[in-house]
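Top line first, the protein sequences correspond to chains A and B.
Whatever position you read off the first sequence (first residue = 1), add 5 for our numbering.
Whatever position you read off the second sequence (first residue = 1), add 441 for our numbering.
First comes the structure, then the notes that go with it.
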Amino acid sequence: MSNLMVDKVATLWPEMVMLAGAVACLMTGLSSQASRRRTVVWIAAATLVIAGIIAAAGTAQATSGVGLAGMAKFIKVAVAAVGLLLLMLNTSSTSQEGVALMRDTPELGGEFFAFFLCSLTGVMLTAGADDLVWLFLALELTSLPTYVMVAMGRQKLEARESAVKYFFLGAMSAALFLYGFALLYGAAGSTQLADIHQYALDNPHDGLLMFGLVLAVVGICFKIAAVPMHFYAADVYQGAASPVTAFLAFVPKSAGFLALLLMLGIVGWPLPQPIAWLIAAIAVATMTVGNVLGLVQSNVKRVLAYSSIAHSGYMLLGVLIGPPGSAPGSGNSATSAIGNGVAAVLFYLLAYGFSTIAAFAVLACLRVENDEAQTYNDLAGLMQRRPALAAVMVVAALSLLGLPPMVGFLGKIYLFGSALTQGYVVLVVIAVLNSAISAGYYLPIAASCIFSKPMRDVQTIEAPGRQAGAVLAAILAVVLGFGGGKLVSSANDAGRVVKQKHADKVSQVDQEKQFTSQ
Amino acid sequence: MPTQSFILPLLVLVPLIAGLVMLLPLPMFNDRRNIFHWALLATLATFALSLKMAFAFDFHGPTFQLRGLTPWVSQFGLQFGWGVDAISLWLILLTTFLMPIVVLSSLTAITERSREYYFWLLLIQAAMTGTFIATDIIFFYICFEFTLVPLYFLIGVFGSGDRLRAAAVFFIYTFTGSMLTFAAVLYVAYHAGWNFDIEAMYGAARSLSGTEQAWVFLALMAGFAVKVPIWPLHTWLPLAHTEAPTAGSVILAGVLLKLGTYGILRFVLPMCPLAVLEYAPCVGIMAVCGIILTALICWVQTDIKRLIAYSSVSHLGFCVLGLFALDRLDIGAHGAVMYMVNHGLSTGALFLCVGMIYERFHTRDMEEMSGLGRSLPVWSSFMVFFVLASVGLPGLNGFVGEFLTLLGAFCSPPEVLGMVYAAVAGLGLIFGAIYLLYMVGRVIFGPTKLPHVHGKLNDLSGREIVVLAPIALACLVLGLAPNLMLDTLDNSVAQLTGPAKSQLPAAVVQKEEGTEAPRHQGTEGLVADAIGGPWSLGASVPWCLCLDPPVPSSEVSR
């Protein structure tokens, strides 16, 4: 037992580095010298780099609850990399508003980045969770700092309001999935995912287990902003500072999808009929609600919030499909990466992440009358003023739309193709029609940057980090569109390898059972 | 000729790289004229390359030549595969031929943001060429989709009037259709074991059941029919055409609409033969309705540009009719390919002519002008010439395509199309003559009435003549010697229509009994009648095509 514990801790070096970095940020932020306080950003960056390297060099977890531990390594590296990009967005040299560090008040500064790192640590921990308690704590570690970041990130009443909304709804969702976890524990008699999985295999028709699972899934829907827990998204995204919104659009969503995959891993793929219907219904409702409501918004941040909802809907298709080899007749998946739903979700998370971060980064670079740029009119004529930022915005919008050759297109091939391998033709048709609807709001974003004449007095803030982050994210969205092969491979391995281990494990268990019965 | 396989990717890369270079902050590109010269140089270089391609192409060789392959995301089976057959060769030549002309025509029309303008022009050229060289359906699809972006910005930034709405309608309409195409492509690729190569896709799609093929057919057609556009999905086109800048209209009418018909020919016909036979009458009815109805709509237009835009819908109806004729000798499909090129030339030229008028008068309203023949004699000569080419005057290019597509529909087996379709579509020719000549009569002849002129009214400048003359020459050459092109198409066309024709009841009977079905003899007699009849115009007309069956019967039955 103690050996197991040691093994487990050995896989947690990236998380430990991250937490140490968070503490260091907190301490440095308390320093009385402004110059020392400014080093906080560099400490956070160094932490992310070190954690990423350790995660990349480390080995995949040997044991895990439902056999999806392969995701952990992929997600740890990905979170460290995307975290660096988000960090670039969250630095700024202006003293206007935005991030804590830029304010003159000495008591603020370090804690923002400490929370930033804590939240990312939460995602890393979620990926490696093999226990219900662990999973719950990891999810809360992801979410709790974000409530504070929303409130701190912007000195406006709106930000406070959205932080409170976010917090209360978040607490409600936490209560929901905690209730679900409790029922799962009540049914299976263990908090270990592996045990619950085994119990679910032995008792496929246990009502208590199913009920607990449904509650957990619905609760987690809050994290990924899926119907019916999507109501907060538009308000919170609008209220938070744009760099923080970018963080919200990627980090809690990643944690939510990881948790969802782990939860559904309990019953295994192909999902039992009722659960499959539930996920399919949530997917269709989420993408449709997101896209249709996105059409009627005038605030770009709200549009991107609804786009975030819609993309969660697409990704739920991948969740529905699950890892390869889990359905009969998927012979094709041996030669092609398509058909691996988990990998498709992981890849799409990154594809979506880069595109949406690029879009928020552009908004974060602009100021209108000392406030954030957030309407279509604020973007008007960006091409004449700042061609580079306009180009970034166009690339981001087209990538979110899924237009080739941007990375969003590859993501859609991956998701929709995988859904086809499992015969979900109707769902794919609904999804492509939804993509067509989404053109109705992505295009105006690109159009207002390029077509219109400048309408309002829009300034660009002097924040090299943000602008570099915007350009970098857009470049990644294009480059990964052409050269995404490596990423696809690693996502595919992440969604596949441990599943095989899991299969081995199951067969081992079976063998042992046979052995004992003999 | 493995060493020459680099020509095709260069056709895409040269405009692409030239466009990207233009975005670099070089001092050279601060001058508008330098940008113009750079774009002209790039398009001319691409045209020269395409000529090299045409000479490297062996017209008696295998269908796809100059092939090459570069991997992309091999984990998905995605790759860029390229190659040309005779059909795509002619369409590439059309594209590379029109682009320098388009650039040349834009010198005075575009005075602001010209760097963006020529960037999008070069980008759209790269994308259009990409669709034609693709032997890999995902490569085709990427270029097909990507053509939307440059044209969207060309219309939205440089268009006139209601340009924002026109651009948005154009994009969303075509994007919606092509998303369904995307679903169909994925579906077939799944059955091909995630192999997007065209041959693998053909094989996989043909092995699907009739119902599945019907769904694939409908989804593929959703994208292509909007692009063509087939009535009643054409409503985006007049808007987009009217508001687009001249260059946008020329590209749209000249090449982009052909992507739809090319897609039908290259993918729909060979991929779902069962569904093609099933739905051909349906598509035929839509094509005929489009021909007649839009011709009637043209009649009442007062905006010249809008008139020509609607005439595109009407004309492409013939093209679709020819594609779905599936007659034994492939007359219809030959005619359709011919029609694609011809329509690109003559309608493109008409849009250029209208653009020149618009630059002078800032109006395109027929009510406001008449009798231009006296004040603009050179322009009027070109206009009349292209109108006649478009109407289908024998001796000019339009006639060949129109006649062959109608003949194809006429000879089509009764299960597919047939005489009625041809007869009704033939009315479209008459209407076409009416509305175009009516327009010419009002604008060029009659009492002189000039709209308010900005500055001195000049007839065409030397540059504008250089813009129009090559197209006129091409119209004349293809009209007098269509065999230049028709003779080269036999193999390629037969391969694409073969699968659908082999599913015809007659072909199935023939395969089983090993004898010629009597219906075909009748068809042949009909063709011979047509050749000997009053239509015969001597050696210049391509009816030798019909006398000398290009398709061995073994090819047909296969």
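No residue lacks a Cβ here, since even glycine has one placed at the ideal position from N, Cα and C.
Any chain B beta carbon closer than 7 Å to serine 303 of chain A: no
Proximal residues, the segment 298 to 326 of chain A versus chain B, C-beta separation under 7 Å: none
Coarse secondary structure for lysine 81 of chain A, derived from DSSP in three states: helix
Burial state of proline 591 of chain B (16 or more Cβ within 10 Å): buried
Distance between leucine 927 of chain B and valine 982 of chain B (C-alpha atoms, nearest Å): Residue confidence for valine 982 of chain B is low, a pLDDT of 41 falling below 50, so the modelled location carries little weight; the figure read from the coordinates is stated next. Distance between the alpha carbons of valine 982 of chain B and leucine 927 of chain B: 10 Å.
Integer-rounded CB distance, given that threonine 938 of chain B should sit under 8 Å from serine 767 of chain B: Before going further, note that residue 767 of chain B is leucine rather than serine in the sequence given. Confirmed, about 6 Å.
Whether arginine 372 of chain A touches glutamine 472 of chain A by CB criterion (7 Å): no
Residue(s) in a DSSP beta bridge with glycine 429 of chain B: With chain B represented from 442 up to 999, any question about residue 429 of chain B goes unanswered, as that position is not in the structure.
Chain-ordered neighbours of asparagine 497 of chain A on chain B, where CB pairs are closer than 8 Å: Gln516
Proximity test, Cβ basis, 7 Å: leucine 24 of chain A and chain B: At a cut-off of 7 Å, the C-beta of leucine 24 of chain A has no neighbouring C-beta in chain B.
Cutoff 7 Å: alanine 444 of chain A Cβ touching any chain B Cβ: yes
Proximal residues of chain A, C-beta to C-beta of leucine 621 of chain B below 7 Å: Val437
Buried versus exposed, by CB contacts within 10 Å (16 or more), alanine 864 of chain B: exposed
Closest by C-alpha distance to leucine 764 of chain B, when choosing among B:Glu586, B:Pro673, B:Leu659, B:Ile705: B:Ile705
Residues of the segment 597 to 613 of chain B whose Cβ lies closer than 9 Å to any Cβ of chain A, in chain order: Gly597, Val598, Arg604, Leu605, Ala608, Ala609, Phe612, Ile613
Contact check, alanine 660 of chain B vs leucine 621 of chain B, beta carbons under 7 Å: yes
CB-CB length for alanine 56 of chain A against valine 22 of chain A, believed under 8 Å: 4 Å
Nearest-angstrom Cα separation, counted from valine 453 of chain B out to glycine 295 of chain A: 37 Å
Beta-ladder partner(s) of glutamate 377 of chain A, from DSSP: Per DSSP, A:Arg372.
Histidine 775 of chain B to aspartate 931 of chain B span [Cα, whole Å]: Straight-line Cα distance between these residues: approximately 8 Å.
Straight-line gap, alanine 251 of chain A to alanine 50 of chain A (C-alpha atoms, nearest Å): 17 Å
Assumed close pair phenylalanine 580 of chain B, phenylalanine 521 of chain B - CB separation to whole angstroms, cut-off 8 Å: Taking 8 Å as the upper bound for CB-CB distance, phenylalanine 580 of chain B and phenylalanine 521 of chain B are in contact here, some 5 Å apart.
Sub-7 Å separation of serine 360 of chain A and glycine 407 of chain A beta-carbons: No, the pair does not count as a contact, with Cβ atoms beyond the cut-off.
Whole-angstrom distance between valine 128 of chain A and alanine 62 of chain A, CA atom to CA atom: 19 Å
Partners in chain A for glutamate 586 of chain B, counting only beta-carbon separations shorter than 7 Å: Leu408, Pro409
Closer than 7 Å to chain B by CB, phenylalanine 421 of chain A: yes
Span separating the alpha-carbon of glutamate 112 of chain A from that of valine 433 of chain A: Interpretation of glutamate 112 of chain A is limited by its pLDDT of 40, a score under 50 that renders its predicted location unreliable; no figure is taken from the coordinates.
Proximity test, Cβ basis, 7 Å: isoleucine 583 of chain B and chain A: yes
CB of arginine 805 of chain B within 7 Å of CB of isoleucine 745 of chain B, strictly: Result yes, Cβ atoms of arginine 805 of chain B and isoleucine 745 of chain B sit closer than 7 Å.
Proximal chain B residues relative to alanine 363 of chain A, where beta-carbon distance stays under 8 Å: Result: empty, since nearest Cβ-Cβ is about 17 Å, beyond 8 Å.
Glutamate 557 of chain B, buried or exposed, once every other Cβ within 10 Å from all chains shown has been counted against 16: By the C-beta density criterion, glutamate 557 of chain B is buried, having at least 16 other C-beta atoms within 10 angstroms.
Local conformation of proline 835 of chain B per DSSP, three classes: strand
Between the CA atoms of alanine 119 of chain A and alanine 164 of chain A - distance to the nearest angstrom: 19 Å
Chain-ordered chain B contacts of alanine 342 of chain A [CB-CB under 8 Å]: Gln516, Phe517
DSSP state of glutamine 160 of chain A mapped onto helix, strand, coil: coil
Nonlocal neighbours in the same chain, by C-beta distance under 6 Å from cysteine 739 of chain B, ignoring five residues either side: Leu748, Tyr751, Ser752, Tyr876
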